[in-house]
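In the order they appear, the protein sequences are chains A and B.
Sequential numbering from 4 applies to the first sequence in my numbering.
Sequential numbering from 2 applies to the second sequence in my numbering.
Yeah, the Cβ is synthetic: ideal placement off N, Cα and C, and Gly gets one too.
Have a look at the structure below before the remarks.
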Amino acid sequence: MSIADGVRLALRALAANKLRTSLTVLGMVIGVAAVIALMSLGAGAQASIEANIRGTGSNLLFISPGVQAQTGGRFVDVSATTPTLTFEDAEAIRDAAIPGIVDLAPTRNTNASLVAGGNAFSTQIIGVTPSYAEVRTFQPQAGRFISEDDLRRRARVIALGQTIATELFPGQNPIGATVRLNNQTFTVIAVMEESGQATFQSRDNQALVPLTTLQTRINPSRTLAGDDIVGEISVTLADEDEATIEAVTNEVSALLRLRHDVTEDDFTIRTQQDIIEALGEVTGTLTLFLGAIAGISLLVGGIGIMNIMLVSVTERTREIGIRKAIGARRRDILGQFLIEAVLVSLGGGIAGAVIGGLLATFMGGVSFGGRSLEGALTPEPVILALAVSVAIGLVFGIYPANRAARLRPIEALRYE
Amino acid sequence: MDADSPENGKPTPVVRVEDLVKTYHMGSIDVHALRGVSFDIEKGEMVAIMGHSGSGKSTLLNLLGCLDAPTAGSYFLDGELVGDLSDDALAAIRNRKIGFVFQSFNLLARMSALEQVEMPLLYARDRQRRKRAEEALAVVGLDDRMHHKPSELSGGQQQRVAIARALVGNPSMVLADEPTGNLDTATANEIMELLALLNEERGITTLIVTHEADVAARTQRVIRMVDGAIAGDDRTAPAEHGT
Chain A
4 MSIADGVRLA LRALAANKLR TSLTVLGMVI GVAAVIALMS LGAGAQASIE ANIRGTGSNL
64 LFISPGVQAQ TGGRFVDVSA TTPTLTFEDA EAIRDAAIPG IVDLAPTRNT NASLVAGGNA
124 FSTQIIGVTP SYAEVRTFQP QAGRFISEDD LRRRARVIAL GQTIATELFP GQNPIGATVR
184 LNNQTFTVIA VMEESGQATF QSRDNQALVP LTTLQTRINP SRTLAGDDIV GEISVTLADE
244 DEATIEAVTN EVSALLRLRH DVTEDDFTIR TQQDIIEALG EVTGTLTLFL GAIAGISLLV
304 GGIGIMNIML VSVTERTREI GIRKAIGARR RDILGQFLIE AVLVSLGGGI AGAVIGGLLA
364 TFMGGVSFGG RSLEGALTPE PVILALAVSV AIGLVFGIYP ANRAARLRPI EALRYE
Chain B
2 MDADSPENGK PTPVVRVEDL VKTYHMGSID VHALRGVSFD IEKGEMVAIM GHSGSGKSTL
62 LNLLGCLDAP TAGSYFLDGE LVGDLSDDAL AAIRNRKIGF VFQSFNLLAR MSALEQVEMP
122 LLYARDRQRR KRAEEALAVV GLDDRMHHKP SELSGGQQQR VAIARALVGN PSMVLADEPT
182 GNLDTATANE IMELLALLNE ERGITTLIVT HEADVAARTQ RVIRMVDGAI AGDDRTAPAE
242 HGT
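Set out below in structure tokens:
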């Protein structure tokens, strides 16, 4: 019997029991759709995190104090208690005019409450230099950004993120107004552009002040030598070439080791790619986990196929006997039932892939807890799901099919 | 097709069984269904095997039909020893050399008459199966019922479909197991006439297992079985046909 004949035969057998076939197919549809939808959402989350990180500026290197060992996708800070990176380090890197470095921006964060009128907003305050706007691609929507003059004078000026601006000054223009921060009065000079979702904290919830103001007026923190500590230095590179990244990393490392008078690095230099990869591992694990949960329903679908095929073999014992009597070999019977099982699982797989794809696209518009989910329908889960459904058909079909193929013709013919 | 056997110049018999024994083990008891049966069936013969239930005639039919293997003895079909063959090898022999006609017709409910008749050719991978199936249905007089399903056919018509299915592969012999057992007398006569006609006109070797004397009377030779052994082998008419 040829494969084409086998498929024709199987389709007729399946059509003869439409309700039963559709229910079995449904089991596969649900399993495959769940796998594709959940894996697409996972991939979507991964893509949006990546986009957010890239959105904070391009070609960036991040220098942070302490050695951060990367273990299993998590950064573990092993010496964060001895912050060593200073404002002076940032100036030295800038003065060294290392080829490949376009610009850099040292920052330090602190948490504080902002009060204006009757409204209060507890948030992250970032001390920045004027270069921050360029380096981190974060520009004021209204007003002006922090200037060199502000930095020199340690001016009590503040630039508010979108969310803070609307929370503190609902329906008003905040530019020129004042906010209280640590019992000091700051003048609002800018409302920053909307930046949307950032990885961990939305930049719309942040307020920016001159780095010098943060260091002297809000939260002074110095090294033993009396230098101003910074939390991070963001460096813009001329391009994203591996060679550039490596050259700059080496030069900066040499310079900082010399300045800190150490032989072992007491700082960490990471690229955006490092951060994306580290987060990618986390979201990848999450995606896999979601996929595994959905995979359970796929397994149940497969068991459903096996169950119904066993019933079908028993019901058709006489048919098998007749076929064997007139010359069907074992492999003809095996093929007939195996093709039926694979057609059911593959049919379910195709329908499930379509529904899962639609589900992922539809869920892209739905928002959960203020975060909109994004589905990224990639070909991998679709191919995977179809391959897996064929495999399920074979795995769960082989036992019933083999049982049919091994029936002895005399006994099968006698079966009532 | 058949090579002449060297020893006597006569054509090779279609069936030669020698001392065929079949014992079933039912728990600790051995049931001796066949106790050493020997006979030949020549090409073109129409033979009835008669006996009461339990006489071993169904067991004999299963062995002759290559549906089961004997405990001892040998069975030559077309001069070839059907010995300890694999399931698939037996299936191939059934497909090429044997046509079955059953008491309960054994047609598949979902298929049209044409598809039923095509089925043996499907397993033989015959490319011209539609044409040959149509011809076989025409031979049994059902050319106007080709696309009917068994539920749309009378008992006699169903048995004709089964006969067409048995003939279509051009087998060495047709084995009929109580072919008229489920039919009324008039229809039974029609079916027997058809089998006799096919035997006479086309020289199809036919073996009919039956317990009805009417049926046996239409054959040229009657083998009587009692308790797993042959009790009589009578030729009622000369078995000479234009072979």
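- Remark: C-beta atoms of residue 131/A and residue 110/A approach each other more closely than 7 Å.
- Around residue 120/B, the beta-carbon contacts reaching into chain A at under 9 Å are 325, 326, 329, 330, 331.
- Under the 7 Å criterion on CB atoms, residue 95/B is classed as interfacial with respect to chain A.
- In the three-state reduction of the DSSP assignment, residue 112/A falls in the strand class.
- By the Cβ-count criterion, residue 106/B is buried, with 16 or more other Cβ atoms from all chains shown falling within 10 Å of its own Cβ.
- Apart from sequence neighbours up to five positions away, the residues of its chain that approach residue 165/A with a beta-carbon distance below 7 Å are 194, 195, 197, 207, ordered along the chain.
- Contact between residue 94/B and residue 67/B holds, since their C-beta atoms are separated by about 5 Å, short of 8 Å.
- Judged by DSSP secondary structure, residue 127/A falls within the beta strand (DSSP E) whose first and last residues are 122-131.
- Secondary structure note for residue 193/B: its alpha helix (DSSP H) is the uninterrupted segment 186-203.
- In terms of beta-carbon proximity, residue 19/A lines the interface with chain B, with at least one pair separated by less than 7 Å.
- Contact annotation for residue 296/A against chain B: no contact, minimum CB-CB distance about 40 Å [criterion: below 9 Å].
- Within chain B, 123, 124, 126 have C-beta atoms less than 9 Å from the C-beta of residue 4/A, given in sequence order.
- Contact between the stretch 330-342 of chain A and the stretch 40-47 of chain A is not established, with fewer than three Cβ pairs separated by less than 8 Å.
- Distance from the CA of residue 322/A to the CA of residue 92/B, rounded to the nearest whole angstrom, comes to 15 Å.
- A distance of 7 Å or more separates the beta carbons of residue 130/B and residue 143/B.
- The Cβ atoms of residue 32/B and residue 25/B sit closer than 7 Å to each other.
- A direct Cα-to-Cα measurement between residue 103/A and residue 187/A gives close to 40 Å.
- Residues of chain B with a Cβ closer than 8 Å to the Cβ of residue 318/A do not exist; the shortest Cβ-Cβ separation is about 11 Å.
- With respect to chain A, the C-beta atom of residue 178/B has no partner C-beta closer than 7 Å.
- If you check each beta-carbon in the stretch 77-89 of chain B against every beta-carbon of chain A, the ones closer than 7 Å belong to 88, 89.
- Judged by DSSP in its simplified three-state form, residue 210/A adopts strand.
- Taking one beta carbon from each stretch, the stretch 19-38 of chain A and the stretch 308-326 of chain A have 3 or more pairs nearer than 8 Å; the two touch.
- The residue among 49/A, 88/A, 51/A, 55/A with its C-alpha nearest the C-alpha of residue 66/A is 88/A.
- Rounded to whole angstroms, residue 151/B and residue 111/B show a C-alpha spacing of 8 Å.
- Excluding residues up to 5 positions away in sequence, 145, 146, 191, 192, 193, 194 lie with their Cβ nearer than 8 Å to the Cβ of residue 178/A in the same chain.
- Secondary structure at residue 233/A: coil, using DSSP grouped into helix, strand and coil.
- Residue environment analysis places residue 27/B among the exposed positions, since fewer than 16 neighbouring C-beta atoms fall within 10 angstroms of its C-beta.
- With contacts defined as CB atoms closer than 7 Å, residue 151/A and residue 173/A fail to qualify as a contacting pair.
- For residue 412/A, the three-state secondary structure derived from DSSP is helix.
- Against residue 343/A, chain B offers no close residue; the least beta-carbon distance is about 13 Å (beta-carbon pairs closer than 9 Å).
- If you keep only unbroken alpha helix (DSSP H) runs of at least 4 residues inside the stretch 24-57 of chain B, you get nothing at all.
- Judged by beta-carbon spacing, residue 173/B lies within the 7 Å limit of residue 15/B, meaning their Cβ atoms are closer than that value.
- In terms of beta-carbon proximity, residue 68/B lines the interface with chain A, with at least one pair separated by less than 7 Å.
- With fewer than 16 other Cβ atoms inside 10 Å of its own Cβ, residue 175/A counts as exposed.
- The residue from 351/A, 225/A, 327/A with its alpha-carbon nearest to that of residue 407/A is 327/A.
- By the rule that beta-carbons nearer than 7 Å mark a contact, residue 322/A touches chain B.
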